[in-house]
Amino acid sequence: MALFSFSIPRDIVYGDGALARLAGLKGRKAALVTGGSSMRKLGFLDQAAAHLKTAGMETIVIDGVEPNPSVETVLRGAKAMEAFAPDWIVAIGGGSAIDAAKVMWCFYEHPELRFEDIITPGSMPGLRTKARFVAVPSTSGTASEITAFSVITDTAKHIKYPIVAADMVPDLAILDPALPAAMPPTVTANTGMDVMCHAVEAAASTAATSFTDPYAFEAIRLVFANLDRAYSDGKDMEARFNMHNASALAGMAFTNASLGLVHSLAHKIGGEFGVTHGLANAILLPTIIDFNRKSTRKYEAIERAMGIQDLAEEIRGLNRKLHIPATFKDCTEVDFNEAKFREVLDRMSANAHGDPCTLTNPGKPTVADVKAIYTAAYYGGSMK
Ligand code: NDP
Ligand code: MN
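What follows is the structure in structure tokens.
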């Protein structure tokens, strides 16, 4: 028998008013890390600072973390932390703010390290000698509040690096549905389909176990029951609560079971065309389910559990309700120019095949398979 481990945050607080849990932290100083302006404008940054004040803590704000955060942003934040010496780091915002704060934390704990030193999975030294970490997500998608992952971009080289370290799993995740309730409908749709992909890919992963499956299956059920509600009525707080929890549940599954080809292909087409991660995932997922079906019985297990006939068709139907296009050709978010698609297809297919997420995909796809999937997802066409 093989040996496994399962890591998740020690505490997860979820539901109405969960943000107030910050007032119960024990410590002297907290560094609040956030993105551009949404948390400040919506008042959540002030609320978080007020709770930390109630806890008797002095705080600083490290803001301006950009979408797809850069190495420079991370180093700037780590310097500010070194000067302030917090014993808590509180990241509040989307996946970008939480991801950046995780790696700031690493460089605050280990100022002698360079970015190159932590790129290899497992190379990051231990954390928590100076501070502990709280994550308060404002989107229901990446599950960075749960995971051992952070995605940081080297802007000079145009490369996105997934940083993996078990110590980056936060100590406390605070899931307050008031925060994602402020997301506009397109962000709700794209991040929500990212949750669906995390859950379906974790379930079908070759590393799935009886520890990860229950979370993946429950997340799939919650997304089917709640995502179009949260999309069509952003103030439906029950749907927001269920989607926020679904994101974290899917995170518990995929941080331990990993992912598959949907993420491999989404990462590389995102790198080439700049398409939003969740949107690329949503377009790729049904085609990849059709392709993988010969190599796994897991989709049948999902269909039985959900009481549905065909998972890929159900996902196509959900995409239509969310106004997500069926193909990249029909996607208007970025310019999916056909000439450029043909030009980059070989390189993109080889890179996607080499993505770490391919390792746990059911079956053993070839580079030619990856190319055929990209082509079907671009033009429309069946991979059954
Ligand atoms: P971002 O954190 O990039 O946020 C996207 C935009 O939404 C920003 O402009 C942000 O504004 C805004 N925003 C965030 N929350 C709200 C809200 N409640 N109301 C209104 N606007 C809001 O998006 P994601 O959460 O999708 O994170 C994407 C990042 O996560 C990528 O870098 C991706 O690579 C990474 N990722 C990480 C994973 C992990 O396991 N760690 C897994 C998958 C992806 P503002 O900046 O002003 O706050
Ligand atoms: Mn994802």
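So the sequence shown is numbered by my numbering: it starts at -17 and just counts up by one.
Beta carbons are placed, not taken as given, at the ideal position from N, Cα and C, and that holds for glycine.
Keep in mind that this is a model prediction, so the values were computed, not measured.
In this structure, residue 121 has its CB closer than 7 Å to one or more heavy atoms of the ligand NDP.
For residue 142, the enclosing beta strand (DSSP E) begins and ends at 141 to 146. Between residue 246 and residue 337, the C-beta gap is smaller than 8 Å, which places the two residues in contact.
In this chain, the beta strand (DSSP E) harbouring residue 14 covers 11 to 15.
The continuous stretches of alpha helix (DSSP H) do not include residue -8, and DSSP gives it neither H nor E. With a cutoff of 7 Å, residue 137 does not count as near the ligand NDP, since its C-beta is closer than that to no heavy atom of the ligand. As a beta-bridge residue in DSSP terms, residue 40 pairs with 11.
By the Cβ-count criterion, residue 102 is exposed, with fewer than 16 other Cβ atoms from all chains shown falling within 10 Å of its own Cβ. Look at residue 279 here: in three-state DSSP terms it is coil, with no helix or strand label. Nearest in C-alpha terms to residue 320, of all of 193, 154, 357, -10, is 357.
If you draw a 10 Å sphere on the C-beta of residue -14, you find fewer than 16 other C-beta atoms in it, and that means exposed.
Burial is judged here by how many other beta carbons sit within 10 angstroms of a residue's own beta carbon; residue 49 has fewer than 16 and is exposed. A residue is called buried once 16 or more other Cβ atoms fall within 10 Å of its Cβ, and residue -12, having fewer, is exposed. Per DSSP, reduced to three states, the secondary structure at residue 122 is coil, with no helix or strand assignment.
Rounded to the nearest whole angstrom, the CA to CA distance from residue -6 to residue 363 is 42 Å. Distances from the alpha-carbon of residue 231 to those of 322, 275, 135, 185 put 185 closest. Placement of the Cβ of residue 172 at a distance of 7 Å or more from every heavy atom of the ligand MN is found.
Between the ligand MN and the CB of residue 343, the shortest heavy atom gap is not smaller than 7 Å. Per the DSSP secondary-structure output, residue 70 pairs in a beta bridge with 12, 114. Within 10 angstroms of the beta-carbon of residue 25 lie fewer than 16 other beta-carbons, which makes it exposed.
Distances between the C-beta of residue 19 and the heavy atoms of the ligand NDP include at least one below 7 Å.
Assignment of residue 257 by DSSP, reduced to helix, strand and coil, places it in the coil class. At least one heavy atom of the ligand NDP lies closer than 7 Å to the C-beta of residue 131.
Beyond the five residues adjoining it in sequence on each side, residue 344 comes within less than 8 Å, by CB distance, of 186, 187, 188, 242, 274, 277, 278, 280 in the same chain, given in chain order. Taking residue 167 as reference, the option from 216, 180, 134, 145 with the minimal CA-CA separation is 216. A Cβ-Cβ separation of about 6 Å places residue 176 in contact with residue 263 under the 8 Å criterion.
For residue 301, the Cβ stays outside the 7 Å cut-off from all heavy atoms of the ligand MN. No heavy atom of the ligand MN is found nearer than 7 Å to the CB of residue 348. With a cutoff of 8 Å on beta-carbon distance, residue 15 and residue 44 are scored as near each other. With respect to residue 218, residue 133 sits apart: the two C-beta atoms are not nearer than 8 Å.
The alpha-carbon of residue 349 is positioned some 11 Å away from that of residue 327. Checking the 7 Å criterion, the Cβ of residue 161 is within range of a heavy atom belonging to the ligand NDP. Beta-bridge analysis with DSSP links residue 132 to 145. Within the region 256 to 339, complete beta strand (DSSP E) segments of at least 3 residues are not found at all. Fully enclosed alpha helix (DSSP H) runs of no fewer than 4 residues occupy 167 to 186, 195 to 214, 219 to 239 of the region 158 to 242, in order along the chain. Between the C-alpha atoms of residue 192 and residue 85 there is a straight-line separation of about 31 Å.
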